[in-house]
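Have a look at the structure below before the remarks.
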Amino acid sequence: MFSRRPVLVEIVTAAVLIAVPFVLPALDAAPNTVNRILVWGLFGIGFDILFGYTGLLSFGQSAFYGTGGFVAAYLLTRAGFPYVVLALVIGMVAAAAVGYLIGLLALRRTGIYFAMITVAIAEIFFFVEFNPLSEWTGGENGLPGVPTPRFDLGFATLNFSSGWSLYPFLAFCFFVGIVIALRIVRSPVGVILTAIRENPLRAAAVGHNVQAYKLTAFVIAAAYAGFAGGLLGVLQGFMPPDAFMFETSGQLIMQTAIGGRGTLFGPLVGAGVWLFLQDFLQATLKLGAAWKLVLGLVFVLLVCFLRQGIIGGIRDLIALSRGKVQAPAEPAQEAAPVAAAPVAPMASRHAAGEGRQGPILQATGLTKRYGGVVANEGIDFTVQHGELRGIIGPNGAGKTTFFKMLTCEVPPSSGSIVFEGRDITGMSIIDVCQLGLTKSYQVNQLFNRLTVRENLTIAALAELRGKFKLDLFGRLANIAGLEEQVEHTLQLVNLGARTDTPVSQLAYGEKRRLEIGLALASSPSLLLLDEPLAGMSPRERVETVRLLKSIAQGRTMIVIDHDMDALFELAERITVLQEGRVLVEGTPDEIKGNALVQDAYLGGVHEEELA
Amino acid sequence: MLTWSNFLSQLFNGLAQGALLALISSGLTIIYGTLGVLNLAHGAMFMLGGYAGYLAFQATGSFVIAVIAGALFMLVVGVVMERVVIRHFYARPHEDQLLVTFGLSIVFVELVRFFFSSDSKTVPAPAALSGITSLGVMFYPTYRLAVVGIVAVALLVLFIVLYKTRLGMIVRAGIEDAVMVDSLGIDVYRVFMVVFGIGAMAAGFAGIVNAPVVSLSPDMGEAILVQTFVVVVIGGVGSFPGAVIGGLIAGEIISLTSMVNPGYAYVMLFAAMTLVLLVRPRGLFGARGRE
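In order, the protein sequence lines correspond to chains A and B.
One point on numbering: in this note's numbering, the residue at position 563 of the first sequence is 563, and numbering is uninterrupted.
Just remember that this note's numbering sits 1000 ahead of the position in the second sequence, which is counted from 1.
Here is the structure:
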């Protein structure tokens, strides 16, 4: 949405911010309310990057809001530091530093645990501010006497004091904040953050250091919170201790959800609704303390019925009025049209690796026990460069567990794995993918709310940028080779006609091809495919077998499937697993004729049925 | 200040507070374990139970009736809340579940503030349990001793329900794998409703039992919610024994630190939580795959 007209959003924002002091006074809006909305809006930008984009719902933002606020206020009052803006920046840095430390701890866990830990942290910061640190923070009195900014330009003095005269300063801060955030969201890092929100498991499996990116988002959110906290002190002329209260975090969350998460402007809109409604309910309707009850009910109803908040609702309305509401799913393309021209096979990571000899992967004595259950036992397994290996075995033979060990999703109980001469036993799935070994999943693991192109971009970025890079202001268009790699993968998996379709609207067969595409887009030298044909119609199978043949050129592949005809056609050698062990290994013909396989695997089915 | 009897009495305070925390946390943890929903309104339910009991006490003058009323009222609130709201959120992301329960907690708190104002309300301890008891080396408020006993009985009942009944077996199976329970032909939604009710009842029961110790105010649930979170993180999500042990640990930490310097009680609680997260991220009794 942002990418097509990249500067438009910034220009509109600037225009609205400039227009506000000319329009709103006519509507009798209190300038102080407008200023508070801006501070909440800025606070919320960072939070939206954390929650709306990365999917991490933190209940502890008050900790950073308070930290930044009190550091800045302390410098400006007790320490007699004269430069307001510099003090705000120092407060921001302090908040970011605290955010880094807290993030290291809180991000050790995900989901519910993360939420609980952040709640606890917010509360603890409040108590620390009140008691052990009260000499510095003024305890329950806060820090009075925070000055407002003034700039001596030589010929004139710019003095931002209060009300509408402070507005330009706050509006400028907000504008800078939103410009920076828009850059971050459009950068490669921004794309990866949305990948983490949609499917952290797959984001790691394509080779991104999910933990480091989460921490990045956490620190960004803390920095925004810290700066906004400082502005609160400037705005009110004193730094109130309730900045640290859990309620602050709660209000921020509610405003973001009301306005619309994942929009950057949601918190601003939400704060506007919240504060104006508060003024209206209290002053005009004389509801007194009941205003919060009304707002609480509004919030609950919004969460129940308008999931994407006000901005999301407006966006849907606009789409509806334009008649552009997408039909749920286009008729499933049973047999995808065959690519017009044969697509050149995509080079694997080591183009020079063609013609390399010897084993690419060597597993020795691989064993996996889950408690008393032995899933795999003593598997010796070697694959040569350029080989296409099939693995078959009855259900429960331990095929998927075996794959999980090879890609380092689960550590083996014993045994070792050597990939391209390097011992990868016990490595993380991220590092292994970065080395060029990845797999497609038996059950689709896609980034569901993103488009096909975005999905493939995420996977390709992992190879082109490495597992972690802080190009927060980088542009996707500037990454050499990204466009080509995504386009090429699109052609290979034959999804060129569906590039801008969200995954959730794809037909099943298309999703399966995208699943393979995700693994392919990181151009692995060894590609593992876990039941690529599962659940496909006969025609889709024919298509996919053709696809597999084309991508097998120039790379090594291992394929698990139950479709024997397909595997016998595809694979050069086949390994048969049974009850966690290697039963037999050989060429398709050897396997077909092997009495052991027929007995154990097929349970005595007659030979002619195999043919 | 740091005398032997002072220490002992703080130890007992910690036991009473820990027992209460254990009970509230058990409710939170079995709801989360079974339904997969972290109920951010749990602290508000603790508070609501206290106020329901307070109303019943005002009407009848009987503490026993107040306790029964507080617990039953919350059972009903829990069942209704599950039916009307929570049920529609099972298929939605965790974040939405957190948002809606958080919103409900605010509605509960503000409703109570609307009807009862922010002034604190007190429920006196029953006559038979008021006064002080001699423990040999010191005197200790009788009711606080009774709290430990009452909560211990409640925990025992909860234990029996969870570990010795058919329902409990289903609930424990549901904590491990709710989908599997559903596939076995057990109406898992009905179980969810009952579990939410029981969890809410545990919080409400604790709320009214605690009322003679700490007076009621609309905001009292917030601090309790935070403490229960620490308890659950320490004990491990979905674990009943974890909630009990974690509750006692947290109670003693708060109480014993307060003896030295009340300002550091939360800091120590945080330190304990950090330690557990670093050494044993799943919590003391947590099992893999329960989050």
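Beta carbons: idealized from backbone N, C-alpha and C, even for Gly.
A distance below 8 angstroms separates the beta carbons of T407(A) and K439(A). Around the beta-carbon of L1225(B), 16 or more other beta-carbon atoms lie within 10 Å, marking it buried.
At a cut-off of 8 angstroms between beta-carbon atoms, P188(A) makes no contact with chain B.
Taking a 10 Å sphere around the C-beta of I458(A), we find 16 or more other C-beta atoms and assign the residue as buried.
By DSSP's assignment, I574(A) forms a beta bridge with G390(A), G586(A).
Going by DSSP, K292(A) is part of the alpha helix (DSSP H) stretching over 291-305. Less than 8 angstroms separates the beta-carbon of Q1010(B) from that of L1256(B). For F447(A), there is no enclosing alpha helix (DSSP H), as DSSP marks it with neither H nor E.
Pairing G1204(B) with I1234(B) gives a Cβ-Cβ distance that is not under 8 angstroms. Secondary structure note for R1172(B): it is in no beta strand (DSSP E), and the uninterrupted alpha helix (DSSP H) holding it is 1166-1183. Residues S1026, A1202 of the same chain have their beta carbon placed closer than 7 angstroms to that of L1158(B), with the five preceding and five following residues left out of the count. For the segment 112-126 of chain A, residues whose beta-carbon sits nearer than 7 angstroms to a beta-carbon of chain B comprise I112, Y113, A115, M116, I117, V119, A120, E123, I124. Bounds of the alpha helix (DSSP H) holding F126(A) are 111-130. Secondary-structure assignment with DSSP links T157(A) through a beta bridge to D152(A).
Listed along the chain, the chain A residues whose CB falls inside 8 angstroms of the CB of M1273(B) are I117, A120.
Listed along chain A, the residues sitting closer than 9 angstroms to H1094(B) by beta-carbon distance are L57, G111, I112, A115.
Taking the CA atoms as reference points, L533(A) sits about 29 angstroms from T194(A). Within 9 angstroms of the CB of A290(A), the CB atoms of chain B belong to E1110, R1113, F1114, in sequence order along the chain.
At a cut-off of 8 angstroms between beta carbons, V273(A) makes no contact with chain B.
Only buried fits F402(A), as 16 or more other CB atoms lie within 10 angstroms of its CB. Between A571(A) and G390(A), the C-beta spacing is below 8 angstroms.
When CB distances to chain A are screened at a threshold of 7 angstroms, the residues of the segment 1204-1237 of chain B falling below it are E1222, V1226, F1229, V1230, V1232, V1233, V1237, in chain order. When Cβ-Cβ separations below 8 angstroms define contact, I1106(B) makes contact with chain A. Proximity of chain B to F70(A) at the Cβ level (cut-off 9 angstroms) is not reached, the minimal Cβ distance being about 17 angstroms. The alpha-carbon of D48(A) is positioned some 24 angstroms away from that of A462(A). Excluding the 5 residues flanking it on each side, P267(A) has same chain C-beta neighbours closer than 8 angstroms at W40, G41, F43, G44, I45, F47, D48, L252, Q255, T256, G259, in chain order. Taking each of A221(A), A228(A), L215(A) in turn and checking the Cα distance to C173(A), the smallest one comes out for A228(A). Inter-residue distance for G1033(B) and I1175(B) is about 5 angstroms (C-alpha atoms, whole angstroms). With respect to the 8 angstroms criterion, F1046(B) and G1207(B) are classified as neighbours on the basis of their beta carbons. DSSP lists L143(A) as the beta-bridge partner residues of M239(A). Rounded to the nearest whole angstrom, the CA to CA distance from R541(A) to E531(A) is 11 angstroms.
Sequence-distant partners of L1167(B) (beyond 5 residues in either direction) whose C-beta falls short of 8 angstroms from its own C-beta, in its chain, are V1161, V1191, V1194. A direct Cα-to-Cα measurement between A319(A) and L133(A) gives close to 52 angstroms. Bounds of any alpha helix (DSSP H) do not take in F473(A), whose DSSP letter is neither H nor E.
In the three-state reduction of the DSSP assignment, I479(A) falls in the coil class, being assigned neither a helical nor a strand state. Listed by position along chain A, the residues whose Cβ is nearer than 8 angstroms to that of F1012(B) form an empty set, because the closest Cβ is around 23 angstroms away.
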